[in-house]
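Participant: The structure that follows is given in the form of C-alpha cells.
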Amino acid sequence: MTQKYPDMWLGLNNIKYANDDGVTLESADVVYTDKTEDELFEMQLDGTDGIISWYTNDNGLPLGVAGIL
C-alpha cells in the first residue's frame with residue numbers, strides 16, 4: 029500500500045494483522061483514498077463500515093508528526 033498510495037490517508041476494512049499483533053498490517057481492503065484524516069477518523073469513531081484510518085509511509089506517522097512527538 030505504501031508504494032501504491034504514498035503519504036496518504038486511507039480508509040481500510042477487512043484488515044488482517046501479521047501474527048494478530050494489531051500493529052503490523054498484512055492485508056486490507058482499501059475503501060477510501062479521497063477522505064481527509066478528520067473524515068476517516070470520524071468514520072472510525074462512528075464505526076462506519078468497519079473503517080480504520082491508516083497513513084502510508086515507512087514509519088506509519090504522517091509527515092511532520094515525528095517532530096511533535
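Converting from the sequence shown to our numbering requires adding 28 to each position, the first position being numbered 1.
C-beta: ideal position from N, C-alpha, C; glycine also.
Small disclaimer: the values here were computed from a predicted structure and weren't measured.
Taking only runs that begin and end inside the region 35-80, name each unbroken beta strand (DSSP E) of 3 or more residues, in chain order.
Facilitator: Listed in chain order, the complete beta strand (DSSP E) runs (minimum 3 residues) inside the region 35-80 are 37-45 and 53-60.
Participant: Could you compute how far the alpha carbon of Leu73 sits from the alpha carbon of Asp48?
Facilitator: Whole-angstrom Cα-Cα distance: 21 Å.
Participant: Got a sec? Which residues, its chain only, sit under 6 Å from Val59 by beta carbon, not counting five neighbours each side?
Facilitator: Closer than 6 Å at Cβ, skipping near neighbours: Gly39 and Asn41.
Participant: Confirm, please, whether the CB-CB distance from Lys63 to Asp82 is below 9 Å.
Facilitator: The question names Asp, but residue 82 in the sequence shown is Trp. No, they are not a contact pair.
Participant: From Ala94 to Lys44, what does the alpha carbon distance come to, in whole angstroms?
Facilitator: Bear in mind that the predicted position of Ala94 carries a pLDDT of just 43, short of 50, making it unreliable; the figure below should be weighed with that in mind. Those two C-alpha atoms are separated by around 26 Å.
Participant: Sort out for me which residues DSSP pairs Tyr83 with in a bridge.
Facilitator: Trp37.
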